[in-house]
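Worksheet for the structure shown next.
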Amino acid sequence: MKKILSYTVLMLAVLSCRQNTPITNTMNVFTSIDSREIPDNVVHLMADDWMLITAGTPARFNTMTASWGALGHLWNRPVAFCFIRPQRYTFEFAEAQDYFTLSFFDETYRPALALCGRVSGRDVDKVKEAGLTPRILESGNVAFEEARMILECRKIYTDFFSPEQFIDPATDIYPSGDFHKMYIGEIINVWIKDNDQ
Ligand SMILES: Cc1cc2nc3c(=O)[nH]c(=O)nc-3n(C[C@H](O)[C@H](O)[C@H](O)COP(=O)(O)O)c2cc1C
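Everything in the sequence shown is counted per our numbering, starting at -8 for the first residue and increasing by one.
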């Protein structure tokens, strides 16, 4: 009985440490924080800093720049919203996978993000062209070494915007009817790069 009790206490201790176990499989150390501790202003983060949406497997993935999105709280979970037009190559990967990642960078990487938002992974090895390094997370999800913050998200709801639901029609945004698909992902991990390296 005493043995079982000690084992249970040990397991609980291990599980409670899980949140802050750093990823150290490559050169940078990323530490997991609670989503409530994300230090950024979210509007600024999306609209001005931009992000890379990445989906796929370590062997085959794609990434694209996005500036439309949101972070918040829904169905009692921390969530991230992003919006992908169906003609993006990334769309195929986001559709096929259960997870996607959002990577955020400091200003130094603005040209890399501009490139990933200008060319398609169908035509160019964007990651190489942009000078980025894929980071395979413990879960197998793909993000980038150069990111300062990575959100790992599990898809929980997706839908296309439909024209009849618009109250203020976004006709200038969708002249050809290529409505974005909305992806709501439960944030399962927030990884912050450890700056003390
Ligand atoms: C600043 C910026 C923000 C963008 N935001 C979005 C977005 O929120 N959703 C989207 O579908 N495309 C967005 N794009 C366009 C895609 O990043 C772009 O079409 C990219 O080349 C798609 O790459 P892919 O075909 O490899 O997926 C944005 C581009 C830039 C430069």
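The beta carbon of each residue, even a glycine, is placed where N, CA and C say it ideally should be. Nothing here was measured: the structure is a model prediction, and the numbers come from that model.
- Relative to the non-hydrogen atoms of ligand 1, the Cβ of Lys117 comes within a distance shorter than 8 Å of at least one.
- Looking at the DSSP output, Pro125 shares a beta bridge with Phe135.
- If the five residues before and after Phe84 are omitted, its C-beta is found closer than 7 Å to the C-beta atoms of Ala46, Gly47, Phe52, Asn53, all from its own chain and listed in chain order.
- Proximity of the beta carbon of Ile75 to ligand 1 is indicated: a heavy atom of the ligand is located closer than 8 Å.
- Boundaries of the beta strand (DSSP E) around Leu65: 60 to 65.
- With a cutoff of 9 Å on beta-carbon distance, Ile141 and Pro49 are scored as not near each other.
- According to the DSSP assignment, Phe52 belongs to the beta strand (DSSP E) that extends over 52 to 57.
- In chain order, Arg139 place their CB closer than 8 Å to the CB of Asp97, counting only its own chain and leaving out the 5 sequence neighbours on each side.
- Here Met37 is buried, its C-beta having at least 16 other C-beta atoms within 10 Å.
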